[in-house]
Structure formats: structure tokens, C-alpha cells
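Take the sequence shown: its position 166, counted from the start at 1, is 166 in the UniProt record's numbering, and no numbers get skipped.
Note that CB positions come from ideal geometry on N, CA and C, so glycine has one too.
Computed from a prediction, not measured in an experiment: that's the story for all the values here.
Here is the structure we will look at, set down as C-alpha cells.
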Amino acid sequence: MTFPVYLKNGQQVKVNDHVYCSPSWSVRDGTPYSVARIMQFLPPEDAPRGDGDKNYLYTRVRLAWYYRPSDVSDRPVGDSRLLLAAIYSEICDINQLRAKCHVVHRDKISDLAGWKKRPDRFYFNRLFDPYIKKEFEVLQSSDVRNLPDHIREILISRYEYVVAEKEVIPDLTDAIRLCVTCEEWCPSPDSVQCDRCKRFFHMECVQPPLAAKPSRGYGWTCAPCSRQHEEEVDSHEVRHPISNTPKPKSNAPAARGRGRPRKDRVQAEREENLLVRHFNMWPFRYFGQYTVAEDTLDPDDLIFPRTATRQGPKFQAVVPPAPDRDAILAPDPDERGGDNTVEVLGNINTLTEAEVAEVESCKRSLTNDQSLQHDVDWLTEVMRRFSDAALAARPLIAVDMKLTMKNEKWKKYETRYIDREWSKDEIAAFEDGISTHGAELRAVREEIGTRTMPEVVRFYGRWKNEKLGEEFKRSRGQGTPSQPVTRQYPTFEELGHVQRVGLSDDEESIINQPASKTPTCGACRTRDSDIWWKAPKGLATGILCDSCGTNWRKYADLNVRPLREDATPTSKSRSNDKREGTPLNGPSAKRARTSGSTPSTPPPAVSTVSQLRCLACLKSGPIGKVLQCKKCQFRAHAGTCGAVVDPATVESWMCEMCQNEETLEASINPDCLLCPRTTKEDRRQEPYPPPDSFLRACKPTEGQGWAHILCAVFIPEPTFSDTSQLRLVEGLSSISRHRWEAQCSVCERAEGAVIRCNDCPKEFHVSCAWKQGYRFGFEIQHVKSSRRELTVTTTFKSETGCMNAIVSCKDHDHSRRIIYDICETNEGGETALQVYCRAYKQAPVGLAHGLLRKARRLDALLSRSSEPSPPVLAPSTPPELRCCYCATRFSPAFYKTANMTGHRSSDGGYWQCHRCKFMEEHGIDEKLSPSSSADVNGVAKDMATLMRKTNNTSAV
Numbered sequence: 001m002t003f004p005v006y007l008k009n010g011q012q013v014k015v016n017d018h019v020y021c022s023p024s025w026s027v028r029d030g031t032p033y034s035v036a037r038i039m040q041f042l043p044p045e046d047a048p049r050g051d052g053d054k055n056y057l058y059t060r061v062r063l064a065w066y067y068r069p070s071d072v073s074d075r076p077v078g079d080s081r082l083l084l085a086a087i088y089s090e091i092c093d094i095n096q097l098r099a100k101c102h103v104v105h106r107d108k109i110s111d112l113a114g115w116k117k118r119p120d121r122f123y124f125n126r127l128f129d130p131y132i133k134k135e136f137e138v139l140q141s142s143d144v145r146n147l148p149d150h151i152r153e154i155l156i157s158r159y160e161y162v163v164a165e166k167e168v169i170p171d172l173t174d175a176i177r178l179c180v181t182c183e184e185w186c187p188s189p190d191s192v193q194c195d196r197c198k199r200f201f202h203m204e205c206v207q208p209p210l211a212a213k214p215s216r217g218y219g220w221t222c223a224p225c226s227r228q229h230e231e232e233v234d235s236h237e238v239r240h241p242i243s244n245t246p247k248p249k250s251n252a253p254a255a256r257g258r259g260r261p262r263k264d265r266v267q268a269e270r271e272e273n274l275l276v277r278h279f280n281m282w283p284f285r286y287f288g289q290y291t292v293a294e295d296t297l298d299p300d301d302l303i304f305p306r307t308a309t310r311q312g313p314k315f316q317a318v319v320p321p322a323p324d325r326d327a328i329l330a331p332d333p334d335e336r337g338g339d340n341t342v343e344v345l346g347n348i349n350t351l352t353e354a355e356v357a358e359v360e361s362c363k364r365s366l367t368n369d370q371s372l373q374h375d376v377d378w379l380t381e382v383m384r385r386f387s388d389a390a391l392a393a394r395p396l397i398a399v400d401m402k403l404t405m406k407n408e409k410w411k412k413y414e415t416r417y418i419d420r421e422w423s424k425d426e427i428a429a430f431e432d433g434i435s436t437h438g439a440e441l442r443a444v445r446e447e448i449g450t451r452t453m454p455e456v457v458r459f460y461g462r463w464k465n466e467k468l469g470e471e472f473k474r475s476r477g478q479g480t481p482s483q484p485v486t487r488q489y490p491t492f493e494e495l496g497h498v499q500r501v502g503l504s505d506d507e508e509s510i511i512n513q514p515a516s517k518t519p520t521c522g523a524c525r526t527r528d529s530d531i532w533w534k535a536p537k538g539l540a541t542g543i544l545c546d547s548c549g550t551n552w553r554k555y556a557d558l559n560v561r562p563l564r565e566d567a568t569p570t571s572k573s574r575s576n577d578k579r580e581g582t583p584l585n586g587p588s589a590k591r592a593r594t595s596g597s598t599p600s601t602p603p604p605a606v607s608t609v610s611q612l613r614c615l616a617c618l619k620s621g622p623i624g625k626v627l628q629c630k631k632c633q634f635r636a637h638a639g640t641c642g643a644v645v646d647p648a649t650v651e652s653w654m655c656e657m658c659q660n661e662e663t664l665e666a667s668i669n670p671d672c673l674l675c676p677r678t679t680k681e682d683r684r685q686e687p688y689p690p691p692d693s694f695l696r697a698c699k700p701t702e703g704q705g706w707a708h709i710l711c712a713v714f715i716p717e718p719t720f721s722d723t724s725q726l727r728l729v730e731g732l733s734s735i736s737r738h739r740w741e742a743q744c745s746v747c748e749r750a751e752g753a754v755i756r757c758n759d760c761p762k763e764f765h766v767s768c769a770w771k772q773g774y775r776f777g778f779e780i781q782h783v784k785s786s787r788r789e790l791t792v793t794t795t796f797k798s799e800t801g802c803m804n805a806i807v808s809c810k811d812h813d814h815s816r817r818i819i820y821d822i823c824e825t826n827e828g829g830e831t832a833l834q835v836y837c838r839a840y841k842q843a844p845v846g847l848a849h850g851l852l853r854k855a856r857r858l859d860a861l862l863s864r865s866s867e868p869s870p871p872v873l874a875p876s877t878p879p880e881l882r883c884c885y886c887a888t889r890f891s892p893a894f895y896k897t898a899n900m901t902g903h904r905s906s907d908g909g910y911w912q913c914h915r916c917k918f919m920e921e922h923g924i925d926e927k928l929s930p931s932s933s934a935d936v937n938g939v940a941k942d943m944a945t946l947m948r949k950t951n952n953t954s955a956v
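The structure is reproduced here in C-alpha cells:
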């Protein structure tokens, strides 16, 4: 018998209703609500059993969870009403229920735009399995047609939806496929289709039977079609007309119209209350490519998604045949499986009763330590040594346990049979690691540093058992409850037939009196709101207005308005910048289980390690992975700025800009050589480079200048002399002339080097694109096997191919592409930027030293710049050549010119010096003083002045 359950807001909830669920604010740490479906209400876990006439109040509820797309991936999703279903349930405290909501499959909604405008409405069309980390398509079971009638009827009568892979949806929704020979149903794995008549056959019904399907790219024809084709070929009447046969009609659900549907309030309310079939409390079942259709008839068949089993020749070892034993000259005395390789761990079963009694008496005399006498490792080694003594016919009294090392045949060195005692410092470091990392014992082992991984694993088992033992002793020491059990849990008959449950946000999330006299919303910056809510960590203020608070708690949608760049941060804003912990767009943490059907170990304490927010990805991380400059407070992941820091010196780390202010090894001018030059007005508005932007991350160039890491990585030509630490940017002179001369579409200046948008012809500076919030990342393009030898490939997150640096403007949608952020890490802890630079940005240091590489680039530059005619170098006697314009005899190169006036050289021809040719190419009309052409120093000063005016470093 079920009794009505009401929430604190007055809403009645029943089984299969969708609700918001969340623990209190202090436990969930500001994360938004979770969406779930009520499966059943449960009484207290330790309520008396067998009282059939007593109905205890519900204290627990089983919930089927839904995920938000941001919970399972780092990719942002623009639709805050989209959910992912899951075949995953959990038992929670009934007081965690908040309010009702509505979740409907996409195909059951006629007006999606109107549905999303209404409050507390969600929809789903895919399912995520949390165990195999994969998404599946969800379609209505009535749309599945390629099944026998008896299986299809059972499937439709039990389940509302079917879960399958995307590639098998067309096969499931197609018309039923019958074998031409036996007229039985043809499942896709066991059938083959004729390429000409398009009919289906069982592979065993074909004569002779087919052993396997044709390879990809090949077709198969049945016997009648093959015979007909042979007759056409023999009659020489084969024609290949253009086929006008229409495409076979697919029975997949029709595409949704793009027009605006007519608003119908009655239809919308009908869609909310549509009945959904459930079988064993679930409306889904998996029916994909790894399902046997006949298993659906079994009501106990598992409904969860499945993957390919690790069976068959693909996952089996190919063992070569055994060698000829006659060819073996000398057999191995320690042949595997022989008596010499067997180590006896205990032969207690072969001893007599007298020998067993002697073993027990000798064992008690080995040690007086009671804890050691009950230690499993110690007892195992004792029995092994007694067994060795018995097999060797040695007296048992001679067995000694003072030697703590043991010899094992399968190991080349001696090992301890019992771990050495843990010191107090090691135990303290272990417990600190457990509180920080939980059960991630590899990270805990790094915190200790003096223990091996096996020792940490063994100590963790003993430590956990001790904690459970202490908890058990405390529970027994409290004694039995003073009141009888029947009075401890009230029943519905005692308190009425109605139960009110759930938490109220009015009690713990609403701020009645804001601390500030002028409260400001941390998201939209508004100062006018009737109700103020507590804000998650990481915002400028600790409160949200009513609209932002509702959107964040219910829909995880928080449009944060950025701070003004020209605003000077106050001390309060600086302190708020350090409040990290909950990324606004990252995956939200799951709720801790408050109660369940089986007792479990309490979760470890919440990590108290201070977090720093990276300025590149705007995500938080522990100190060490995210570094902070002690001088300018610049913060970034260590992998994105090429920093290798000793853990002991993390607090004193300084960025390279601040280091150079002390060492003066590079230029004191911090301007990036690849960006347009900053003016005095720009410097008045903000310091350059700004410490609160990732553009502060710069690297020295080979000319002792500076270049942004972003510019050096995302402009194709520059390289690094050492990509492990991103040292010394090279190759600025090899950047094409078009990049220097093109105009930026953002700042509209023709200075600096530009790049092109990956998806459109727009060109812009890298720094301008970063300030505008363009998408930066890396994309892996798969390479054909025939071209892998010609292309440099790399692997990132189990994906292998050619890695491309991507910069795309805001006009493009990237939701369907896999683009890795610059701070995203792989299994080894390397960032995507590190992997890309190691594969594509390493200068060829093994072929030549740095000065020779620079000379080769300058040679290539000079050969490109001599377009009309190659320069003729001045001979050893300087007076022979003279510039016809400025009459100088000092120039690194002279060019033949068509001008027949001016100063003539000693050979009777007219020549042009390199300085005058540079002025002619750049349209500079300026008279030169006669003194500047009189010596080499004057010519060099003029060239430096011209280069500064044109900002052209390629004219070196």
C-alpha cells in the first residue's frame, strides 16, 4: 500500500515522477540540482522486518539519474534543457527531494521551442552509460520494425524506449527482412544482401554456405543474379544505363519540420502526462549490435548496454609451433612446469599428527609479540620455512625467524616477508594523502615518497580495517537504544496518512540580509532583486539575483558577465579570485550517498588543498600543476608555459618576464615581435603584458626579443630550440611576407604577423583573437595508412593522426568537432600544447647549431628578396661601384637598375644600393643627407631608421 508524499512546496510526488534532487548547500558545495526519476519509496533501512501490518514513514527513495551533457564531457552545450538518460539508480535520503519537473523524449514533443520556454521542462534523445563511458541513441520501441512479430510485441509491451548504437538504427527501423530460401527472419549479423536484387539470405542457406561476409568495398550476388549476369556478358548485350530506381524508403522516424508549430496549450499539457511503459521500474532496454533478439523474451535478461567481448582471433595470442625437440642440444634443467620450478609454500597436509603438534609448539616459541603471531604474512613465512625444513629432513627446532629476508625462485633478489614498521611521519603523510586524493594510492605514494607501491597497498588494507574496527567498537560502546525499535520509527497510522518531505531553499540558500550595502549579482551584475541566493565559488561576488539563482540551481545555466578590462581590481576582488573549487562550466560532482541498501565505507574527507585558477583554460587546479608567479601573480598550468619546477620551490616560482627584470638576459622591452606594437595610449589603459591574461606568457627569441607563447605556437613558421621547456623561439625571419602585410580584421592594423581562421577567410593577430575570445585548440586529423610515412603523426587521448593547431572565430559552431583545449591533458599528464610542440615545433637542433640555422634562414630570405636580378656583391676594390641615387660606395649588395641618370660607376653602368632599393620598394620618398652616405656607419643608421618606420623585420 502506498501513501501520498508531499514536498514542502505543496507538490505531491509519486512513483515515476521527475524531481530535482540535491543535498544541502554545505554538502553539495554550490553545484546545481540533479534531475532524477522516482523509482520507489523505501522505509528505513534498519526498520523491523516482518511487521506486515505496520507501514513506516518513508526515509529513503530510489532515484534513476539523468546527466547533463556537461557532467560527462568538457564540451560546452548551449541548450540547458537537454539531458542524457542513464540506466543507473541510487538510493538517497528522501529529504533531498526539492521540486517536481518534467522530462520527455524529444520525439514526443511537438513544439520544442515552446517546451523549452516553460519552466522545469527538460528533454532527452540520447543515453549515457557511466560504466563503459559511451553514449547511445534512444528511440521509441514502436519504431523498431525489423523484428519477428512475437519478439516485437514483447518489446513494445514491456519497454517504452530502445537503446542502440547510432549505426544500427537504420537496420532496426527498416522493414522486416526475411530470408528468400527459408522465409525466416534474417538478423543482420547472420545474413547477407544480394547486391543486384537487394534480397536477403541467411549465410547458411546459401549453397555453398558463406563462411563470412564480403569485405568492405565488395558486394555479393545470389546465384540467379550471377547466372543472369553471365548470360548478359556472353550475349554481348550488356548495357549499363543510368539507374533511375528511387532510393529504398527508410522506416526511420520522419525528420522534424523547421517551421514554427502552432502553440497549443492543451497539447503541451497532454505531452507532459503521457503514460510511459516500465518493466521492472525501467522504461529502457539495450537492443543494439551486441544483443541476441531471442534473449529479449527472457524477463531476467540484462537491459544494460554492452560492448564487444574480448574473444576471437583479434584478442588471442598466435603461438608458433613447438620446436623440434631433437634439435635441442641441452635441455633446460629448470624447464617450466617441472619439479625444480615448483616452490612448496606449505606441506602441512603431508605431516603426521605428531609433526603438526611439534610445529605448533615451535611456532609459539618463535616470538612473544601477540600482534605478530596473528599476522598473515608472518604466518605464511613460518609455514614455508617449516615446510622447507621438513622436506630437507632438518629439525624443526632449528627454524629461525630473525632473518627478515626470504628467497623466491621467481625473483632474482631477496625480498622482505613482512614490511618494516611505518614511522609516525610516514603515517601522517599517508593520512594526509588519503584526505587529499582519496583511494588514488599512486598519488598517495608520491606524497609519502619513502615507500614502494606494494607497501602502500598493503598498509592501506590494514589501515582501513583498523578504522572499521574502531568504528565498530564505538557503535557497540553506545549500547542499545533507550526506546524500543517500534517507537523509534513512526508509522503512517501514528502520524496520519500523509507525509511531507524535502528540503526548502528558503532555509539554507536564500540570503535575507546581504552583507554589502549595495549587493551585486555575481553573474549579471544587477543590483536590483527581491530575493538574493548564495552563489557558487569562483564568482566576483558571493550572491546571485533571483533569476540567475534559479537558472543556476535548476538548469546549470549561468551567463557570467565579464569584468571590465580597464577596471582596477580592488583588494576584495583579489580575494574573490582566490575562491576556487567549483568550475561553472565543468562537470558537477555527484552527491554523496546518505543511505543505501548495504553499508559502505564512509567517503574520505573533502580535499583542503588550495586551488589556483589557470588564466588559459579558466579552470582550477592544485598548486604545482597550476603555477603562480610570486611577483606579478600570473597563473597558468605548468605544461602550457614550459615550466619544470621542483615541488619544494613551487611557492617561489617566477614567470620569465619577472625573471628577466632581475637577470636582464633578454630585452627589457616586453612587446611581442609577432604582434602590432603597443602605443602609449594602450599602455595607459592597462599594463603590458597584463598579468591577469595568458598573454603574459612570453618566451625570448633568438634575437633577445620576446614572443607570446600563443603566437609562437599558432603561427606555423616559428619553432622552439627546446620544446620540453619551450625555450628560445626561432624562425621569425622565415614568416611569409603576406602575414606581415595583411590587415587584421579585429584591430584593423597592418602590423605584426596574422593567421587565418580555420573555418573562414578572416585574418587576425593571435593576440587579438585571444582577447576576443576566439576558440583556440588542437584537432587530430586521421591519416590514411598509405600516407603515414609522409606525414608526422602523434597520439593524444588514444586518438592518433596529424595534430593541427586550430584558431576559429565566433561565427562557427564547434559542437560536432572534437577540439582539445590547450590545457587539456592526456593519460601521462601532458597538455595538448606540449604534445603538439614536441611533434611539430622542435627546431632541428641535431642537424646544426643555432647560429648556423639562423644563417641558413637569412640566406633563404636574401635569395627570395632578389626578385628582378641577383645582387652583385662589391669586389675587393670599393671605388668600382657607386649608387646612382645617393653616390654611396658602401652597401652589402648592389642591384642593376634601369635608371640612366645620376652617378655612374667606374664600369660605366648604373647601380642601386640596398638602402635605396629598400626605400623604393616601400614607397619612402625621403632625401638622404650627404654625410650619411660617406661611411658604413651612416648607411647602417639609415637602414635601422627605415626598419623602425616600416616595422619590417624581414628586411634584415
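Hey, could you find the ends of the beta strand (DSSP E) residue i is sitting in?
{"i": "K896", "result": "F894 to K896"}
{"i": "I806", "result": "E799 to S808"}
{"i": "T794", "result": "T794 to F796"}
{"i": "P689", "result": "From DSSP, P689 is part of no beta strand (DSSP E); its letter is neither H nor E."}
{"i": "residue 969", "result": "The chain is shown only over 1 to 956; residue 969 falls outside these bounds and no answer can be derived."}
{"i": "residue 962", "result": "Residue 962 lies beyond the range of the chain shown here (1 to 956); nothing can be said about it."}
Answer yes or no: do residue i and residue j have a C-beta to C-beta separation smaller than 8 Å?
{"i": "L297", "j": "I154", "result": "yes"}
{"i": "L615", "j": "A636", "result": "yes"}
{"i": "A85", "j": "V138", "result": "yes"}
{"i": "P32", "j": "A666", "result": "no"}
{"i": "L97", "j": "V13", "result": "yes"}
{"i": "V807", "j": "F694", "result": "no"}
{"i": "N95", "j": "G502", "result": "yes"}
Within 10 angstroms of its Cβ, does residue i collect 16 or more other Cβ (buried), or is it exposed?
{"i": "L63", "result": "buried"}
{"i": "C197", "result": "exposed"}
{"i": "R574", "result": "The pLDDT assigned to R574 is 39, lower than 50, so where the model puts this residue is not dependable; a value taken from the coordinates is nonetheless given after this. By the 10 Å Cβ count, R574 comes out exposed."}
{"i": "V276", "result": "exposed"}
{"i": "S607", "result": "Note that S607 has pLDDT 44, beneath the 50 cutoff, so the model's placement of it is unreliable and the number below is only indicative. Classification for S607: exposed."}
{"i": "V356", "result": "exposed"}
{"i": "H105", "result": "buried"}
{"i": "Y413", "result": "exposed"}
{"i": "T701", "result": "buried"}
{"i": "D301", "result": "exposed"}
{"i": "Q483", "result": "Unreliable positioning characterises Q483 in this predicted model, as indicated by a pLDDT of 47, which lies under 50. A coordinate reading is not provided."}
{"i": "H621", "result": "Per the sequence shown, the amino acid found at residue 621 is Gly instead of His. Burial call: buried."}
Can you tell me which residues form a DSSP beta bridge with residue i?
{"i": "M405", "result": "R416"}
{"i": "P622", "result": "Q611"}
{"i": "F776", "result": "V807"}
{"i": "V344", "result": "Note: V344 sits in no beta bridge, so no partner."}
{"i": "V192", "result": "F201"}
{"i": "P700", "result": "W706"}
{"i": "H765", "result": "V754"}
{"i": "L178", "result": "W185"}
Along the chain, where does the alpha helix (DSSP H) that runs through residue i open and close?
{"i": "D425", "result": "K424 to H437"}
Checklist entry - Are at least three pairs of beta-carbons, each pair with one atom in the stretch 155-163 and one in the stretch 273-290, less than 8 Å apart? => result yes
Checklist entry - Touch check for the stretch 637-644 and the stretch 722-734: three-plus C-beta pairs under 8 Å? => result yes
Next on the checklist: Under 8 Å: do the stretch 842-858 and the stretch 789-798 share three or more Cβ pairs, one atom per stretch?
Outcome noted: no
Item to check | Any 3 or more C-beta pairs closer than 8 Å across the stretch 129-144 and the stretch 110-121 | outcome: no
Checklist entry - Between the stretch 775-792 and the stretch 741-755, do three or more beta carbon pairs fall short of 8 Å? => result no
Checklist entry - Does the stretch 761-772 touch the stretch 729-736, meaning 3 or more C-beta pairs lie closer than 8 Å? => result no
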